[in-house]
């Protein structure tokens, strides 16, 4: 039998716009959970998760923290612009996504929050990053005394919500800012650096974590600073031609020890979110416990660490649709998504979640 070769169109699906969640559930763990480990799937509530796992299982969480990386400014000509700080290179140098009608020239000065002369800060455009054809821009910041890139983000920045969640940040009339500041952040976020939340973990609250602990289900952490590239659509019909974005990750020694102990006792490794999957499987491929990863997981990928996955519902034609299809099986994921749409589940970052089991059947490369 010849192996199936997937194209971009294979990961598309029709989604009614009203199923895109623009606000979180009133209570984190009151969101819905589709138990998709087998077919037929079972409709659950997220606080049922402890009942679906076993004593000795190990949950792996991403402890990254979303920073206020979206900052509005203007060119010297007065033209409006905004940046999304993807990575802090030094205290006064950053790599950014730049949104502007006409790109300024290298060496141009940009003004933010009124500019340095009016209590804000300035920046000089140094060029593309990481190289001449890189997708980002490098800025050299001119900051008030004692300030760093981190501190001006906290003072002047806005939470960088996904593009499909509409807010009025630029005009200062963001009535949802307080809700987003709390709910677009996990309860265990502690390492600043992400421009998007590890959204599967948004469903966990103190009560659910306590219930997991009471059942003897352990947990450990990794860090992957989620980049804006997670929202970039795949544009090549041949998915093998897609250029994957790069994200920084690190895995503590204590987490590696916890994984070894889990295996020794016959437990299962449960990744909370695709970011945890990407981190753990990057380590399995390279042996590196920290660094940048561009891992691109598509059907045919051989998983070496993760047994179960808690994840939200992902964008059509996205790399994350490809990842979950690789993990749980392409046809199985198609059935689960059709079930979720028919059942009026809520989709994407503020939406509902599902529990998946790694398929053991061969898949196409």
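In the numbering used here, the protein residues as written are 12 to 376.
We put the beta carbon where it would ideally sit given N, CA and C, even for glycine.
| Check | Outcome |
| --- | --- |
| Roughly how many whole angstroms lie between the Cα atoms of residue 333 and residue 97? | 24 angstroms |
| Measure how close the beta-carbons of residue 26 and residue 327 come, nearest whole angstrom, since I'm counting them as under 8 angstroms. | 6 angstroms |
| Within 10 angstroms of the Cβ of residue 190, are there 16 or more other Cβ atoms? Answer buried if so, exposed if not. | exposed |
| Give the range of the alpha helix (DSSP H) segment to which residue 165 is assigned. | 160-167 |
| Applying the criterion that 16 or more other CB atoms from any shown protein chain within 10 Å of the CB defines a buried residue, is residue 38 buried or exposed? | exposed |
| Please report how far the alpha carbon of residue 33 lies from the alpha carbon of residue 106, in whole angstroms. | 28 angstroms |
| Would you kindly work out how many angstroms separate the C-alpha atoms of residue 235 and residue 77, rounded to a whole number? | 11 angstroms |
| Determine the direct distance from the alpha carbon of residue 358 to that of residue 372, and round the result to whole angstroms. | In this prediction, residue 372 has a pLDDT of 45, which is less than 50 and means its spatial position is unreliable; nothing more can be read from the coordinates. |
| Is it buried or exposed, residue 50, if we count other Cβ atoms within 10 angstroms and call 16 or more buried? | exposed |
| Among all the DSSP beta bridges, which residues are the ones paired with residue 104? | 101 and 151 |
| For my contact list, residue 290 and residue 262 are in at a C-beta cut-off of 8 angstroms; report their separation, rounded to the angstrom. | 6 angstroms |
| Would you mind giving the Cβ-Cβ distance between residue 3 and residue 170, rounded to the nearest angstrom? I have them listed as a contact below 8 angstroms. | Given that the chain is displayed from residue 12 to residue 376, the structure contains no residue 3 and the question cannot be resolved. |
| Using the Cα positions of residue 350 and residue 292, report the straight-line distance between them to the nearest angstrom. | 29 angstroms |
| Give the C-beta separation of residue 52 and residue 45 to the nearest angstrom, bearing in mind that I take them to be a contact with Cβ-Cβ under 8 angstroms. | 5 angstroms |
| Using 8 angstroms as the threshold, is the C-beta distance between residue 203 and residue 73 below it? | no |
| Classify residue 14 as helix, strand or coil using the three-state DSSP reduction. | coil |
| Which whole-angstrom value describes the C-beta separation of residue 369 and residue 324, a residue pair presumed to lie in contact below a C-beta threshold of 8 angstroms? | Between residue 324 and residue 369 the Cβ distance is about 18 angstroms, and since that is not below 8 angstroms, they are no contact. |
| Please list, in chain order, all residues of the same chain as residue 211 whose beta carbon is under 7 angstroms from its beta carbon, the five residues on each side excluded. | 283, 284, 321, 322, 323 and 364 |
| Looking at the secondary structure, which residues open and close the beta strand (DSSP E) in which residue 133 lies? | 132-140 |
| Tell me whether residue 238 is buried or exposed, calling it buried when 16 or more other Cβ atoms sit within 10 Å of its Cβ. | buried |
| Take every Cβ of the region 261-281, pair it with every Cβ of the region 103-118, and state whether three or more of those distances are shorter than 8 angstroms. | no |
| DSSP on residue 302, reduced to helix/strand/coil? | strand |
| Can you tell me whether residue 88 is buried or exposed? The criterion is at least 16 other CB atoms within 10 Å of its CB, across all chains shown. | exposed |
| Between the Cα of residue 313 and the Cα atoms of 295, 301 and 121, which residue gives the shortest distance? | 295 |
| Mind checking which residues open and close the alpha helix (DSSP H) that includes residue 345? | 341-353 |
| Need the endpoints of the alpha helix (DSSP H) that residue 297 sits in, please. | 285-297 |
| At which residues does the alpha helix (DSSP H) containing residue 60 begin and terminate? | 60-63 |
| Write down the C-beta distance between residue 247 and residue 19 rounded to the nearest angstrom, noting that I regard them as a contact closer than 8 angstroms. | 7 angstroms |
| Near residue 131, what residues of its chain come up, given a Cβ to Cβ distance below 6 angstroms and the 5 sequence neighbours on each side ignored? | 123, 124 and 125 |
| Looking only at its own chain, which residues have a Cβ that is under 6 angstroms from the Cβ of residue 257, when we skip the five neighbours before and after it? | 303 and 305 |
| Can you tell me the Cβ-Cβ gap for residue 214 and residue 360, rounded? I've got them flagged as a contact below 8 angstroms. | Not quite, the Cβ-Cβ distance comes to about 11 angstroms (not below 8 angstroms), so this is no contact. |
| From residue 375 to residue 367, what does the alpha carbon distance come to, in whole angstroms? | For residue 375, the predicted model reports a pLDDT of 36, less than 50, meaning its position is unreliable; a value from the coordinates is still stated below. Roughly 19 angstroms between the two C-alpha positions. |
| Alpha carbons only, please: which of 226, 274 and 252 is nearest the one belonging to residue 330? | 252 |
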